[in-house]
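Peer 1: My questions all concern the structure below.
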Amino acid sequence: MKQLFTILSAMVIMAACKPKAETDQTKVLSAVDSAEFAAFQEWKEQQEAKKNAETKTVYVVQKQATSTSNNTTTRKKWSNATKGAVIGGVGGAIVGGVVSKRNRAAGAVIGGVVGGGAGYGIGKTYDNKQNNQ
1375 MKQLFTILSA MVIMAACKPK AETDQTKVLS AVDSAEFAAF QEWKEQQEAK
1425 KNAETKTVYV VQKQATSTSN NTTTRKKWSN ATKGAVIGGV GGAIVGGVVS
1475 KRNRAAGAVI GGVVGGGAGY GIGKTYDNKQ NNQ
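Residue numbering for the sequence shown is 1375 to 1507, as defined by this note's numbering.
Encoded structure:
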(Lines of atoms letter the chains of each structure in order from A and count residues from 1; the text may use other names and numbers.)
(Lines give C-alpha, C1' and ligand atoms only; values in the text may rest on other atoms or scores of the structure.)
Protein backbone atom coordinates (compact mmCIF):
# COMPACT_ATOMS: atom_id res chain seq x y z
CA MET A 1 0.00 0.00 0.00
CA LYS A 2 2.87 2.36 0.82
CA GLN A 3 4.51 1.66 -2.51
CA LEU A 4 1.26 2.36 -4.35
CA PHE A 5 0.86 5.66 -2.48
CA THR A 6 4.46 6.59 -3.21
CA ILE A 7 4.05 5.84 -6.92
CA LEU A 8 0.78 7.78 -7.12
CA SER A 9 2.37 10.73 -5.29
CA ALA A 10 5.28 10.75 -7.70
CA MET A 11 2.91 10.66 -10.68
CA VAL A 12 0.88 13.57 -9.30
CA ILE A 13 4.03 15.60 -8.70
CA MET A 14 5.35 14.92 -12.20
CA ALA A 15 2.01 15.83 -13.77
CA ALA A 16 1.76 19.03 -11.73
CA CYS A 17 5.23 20.23 -12.75
CA LYS A 18 4.40 20.44 -16.46
CA PRO A 19 4.14 24.07 -17.60
CA LYS A 20 0.72 25.15 -18.74
CA ALA A 21 0.33 26.79 -22.13
CA GLU A 22 -0.19 30.52 -22.02
CA THR A 23 -3.81 31.39 -22.71
CA ASP A 24 -3.46 35.17 -22.75
CA GLN A 25 -3.66 35.29 -26.54
CA THR A 26 -6.69 33.02 -26.74
CA LYS A 27 -8.91 34.83 -24.28
CA VAL A 28 -12.36 35.68 -25.53
CA LEU A 29 -13.62 39.14 -24.66
CA SER A 30 -16.97 39.29 -22.94
CA ALA A 31 -19.68 41.66 -24.14
CA VAL A 32 -18.87 44.19 -21.43
CA ASP A 33 -15.15 44.10 -22.21
CA SER A 34 -15.74 44.53 -25.93
CA ALA A 35 -18.13 47.42 -25.26
CA GLU A 36 -15.53 49.12 -23.09
CA PHE A 37 -12.90 48.49 -25.76
CA ALA A 38 -15.16 50.03 -28.39
CA ALA A 39 -15.65 53.07 -26.15
CA PHE A 40 -11.88 53.33 -25.71
CA GLN A 41 -11.33 53.10 -29.48
CA GLU A 42 -13.90 55.84 -30.02
CA TRP A 43 -12.19 58.03 -27.41
CA LYS A 44 -8.81 57.38 -29.01
CA GLU A 45 -10.10 58.38 -32.45
CA GLN A 46 -11.58 61.53 -30.97
CA GLN A 47 -8.26 62.42 -29.36
CA GLU A 48 -6.42 61.90 -32.64
CA ALA A 49 -8.97 63.99 -34.51
CA LYS A 50 -8.64 66.68 -31.89
CA LYS A 51 -4.86 66.65 -32.21
CA ASN A 52 -5.03 66.77 -36.04
CA ALA A 53 -7.65 69.51 -36.27
CA GLU A 54 -6.06 71.66 -33.57
CA THR A 55 -9.39 73.21 -32.77
CA LYS A 56 -10.89 73.76 -29.37
CA THR A 57 -13.72 71.28 -29.75
CA VAL A 58 -14.63 69.45 -26.56
CA TYR A 59 -15.51 65.80 -26.83
CA VAL A 60 -17.38 64.06 -24.05
CA VAL A 61 -17.05 60.32 -23.70
CA GLN A 62 -19.62 58.71 -21.50
CA LYS A 63 -18.61 55.55 -19.74
CA GLN A 64 -21.14 52.78 -19.67
CA ALA A 65 -22.23 51.55 -16.28
CA THR A 66 -20.74 48.20 -15.45
CA SER A 67 -22.29 45.61 -13.23
CA THR A 68 -20.81 44.96 -9.81
CA SER A 69 -20.09 41.35 -10.76
CA ASN A 70 -17.45 42.60 -13.23
CA ASN A 71 -15.20 43.93 -10.45
CA THR A 72 -11.99 41.94 -10.67
CA THR A 73 -8.70 42.40 -8.94
CA THR A 74 -5.45 41.78 -10.71
CA ARG A 75 -3.24 39.24 -9.07
CA LYS A 76 0.43 38.83 -9.70
CA LYS A 77 1.18 35.55 -11.44
CA TRP A 78 3.57 33.15 -9.79
CA SER A 79 6.75 32.42 -11.66
CA ASN A 80 7.46 28.85 -12.69
CA ALA A 81 10.30 28.75 -10.18
CA THR A 82 7.94 29.62 -7.32
CA LYS A 83 5.30 27.13 -8.46
CA GLY A 84 7.93 24.43 -8.83
CA ALA A 85 9.34 25.09 -5.36
CA VAL A 86 5.90 24.91 -3.74
CA ILE A 87 4.81 21.80 -5.62
CA GLY A 88 8.16 20.11 -5.09
CA GLY A 89 8.25 21.00 -1.41
CA VAL A 90 4.78 19.67 -0.69
CA GLY A 91 5.29 16.56 -2.78
CA GLY A 92 8.70 15.92 -1.27
CA ALA A 93 7.32 16.29 2.25
CA ILE A 94 4.56 13.79 1.51
CA VAL A 95 6.90 11.28 -0.09
CA GLY A 96 9.56 11.80 2.60
CA GLY A 97 7.03 11.25 5.36
CA VAL A 98 5.71 8.07 3.77
CA VAL A 99 9.06 6.55 2.85
CA SER A 100 10.85 7.25 6.14
CA LYS A 101 10.19 4.44 8.60
CA ARG A 102 12.19 5.56 11.64
CA ASN A 103 11.27 9.21 11.92
CA ARG A 104 8.43 10.43 9.71
CA ALA A 105 8.77 14.09 10.70
CA ALA A 106 12.44 14.22 9.80
CA GLY A 107 11.71 12.39 6.54
CA ALA A 108 9.01 14.92 5.71
CA VAL A 109 11.32 17.87 6.42
CA ILE A 110 14.20 16.44 4.41
CA GLY A 111 11.87 15.45 1.56
CA GLY A 112 10.29 18.91 1.56
CA VAL A 113 13.66 20.66 1.37
CA VAL A 114 15.00 18.38 -1.37
CA GLY A 115 11.73 18.47 -3.33
CA GLY A 116 11.47 22.25 -3.00
CA GLY A 117 15.02 22.71 -4.26
CA ALA A 118 14.48 20.37 -7.19
CA GLY A 119 11.15 22.01 -8.07
CA TYR A 120 12.73 25.45 -7.93
CA GLY A 121 15.54 24.35 -10.25
CA ILE A 122 13.11 22.87 -12.78
CA GLY A 123 10.84 25.93 -12.65
CA LYS A 124 13.80 28.28 -13.04
CA THR A 125 14.84 26.51 -16.23
CA TYR A 126 11.34 26.99 -17.62
CA ASP A 127 11.48 30.69 -16.69
CA ASN A 128 14.83 31.07 -18.43
CA LYS A 129 13.52 29.35 -21.57
CA GLN A 130 10.52 31.68 -21.68
CA ASN A 131 12.67 34.78 -21.19
CA ASN A 132 15.06 33.76 -23.97
CA GLN A 133 12.30 33.26 -26.52
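From the three backbone atoms N, C-alpha and C, an ideal C-beta is built for every residue, glycine too.
Along the chain, where does the alpha helix (DSSP H) containing ARG1478 start, and where does it finish?
Peer 2: Where ARG1478 is concerned, the enclosing alpha helix (DSSP H) stretches over 1478-1506.
Peer 1: For GLY1458, which of VAL1483, ALA1482, THR1448, VAL1488 has the nearest alpha-carbon?
Peer 2: Closest by alpha carbon: VAL1488.
Peer 1: Any idea what DSSP makes of SER1453, helix, strand or coil?
Peer 2: Three-state result, SER1453: coil.
Peer 1: Find out if the Cβ-Cβ distance for the pair ALA1455, TYR1494 is shorter than 8 Å.
Peer 2: Going by C-beta atoms, ALA1455 is nearer than 8 Å to TYR1494.
Peer 1: Can you look up SER1408 in the DSSP assignment and give me helix, strand or coil?
Peer 2: Helix at SER1408.
Peer 1: Please go through the same chain and pick out, in chain order, the residues whose beta-carbon is closer than 7 Å to the beta-carbon of GLY1486, but skip the five residues on each side of it.
Peer 2: Once the five neighbours on either side are set aside, the close Cβ partners of GLY1486 are GLY1463, GLY1466, ALA1467, GLY1470.
Peer 1: Please report how far the alpha carbon of TYR1500 lies from the alpha carbon of ASN1506, in whole angstroms.
Peer 2: If you take the alpha carbons of TYR1500 and ASN1506, they lie about 10 Å apart.
Peer 1: Roughly how many whole angstroms lie between the Cα atoms of GLN1504 and ALA1390?
Peer 2: GLN1504 and ALA1390: Cα-Cα distance of roughly 18 Å.
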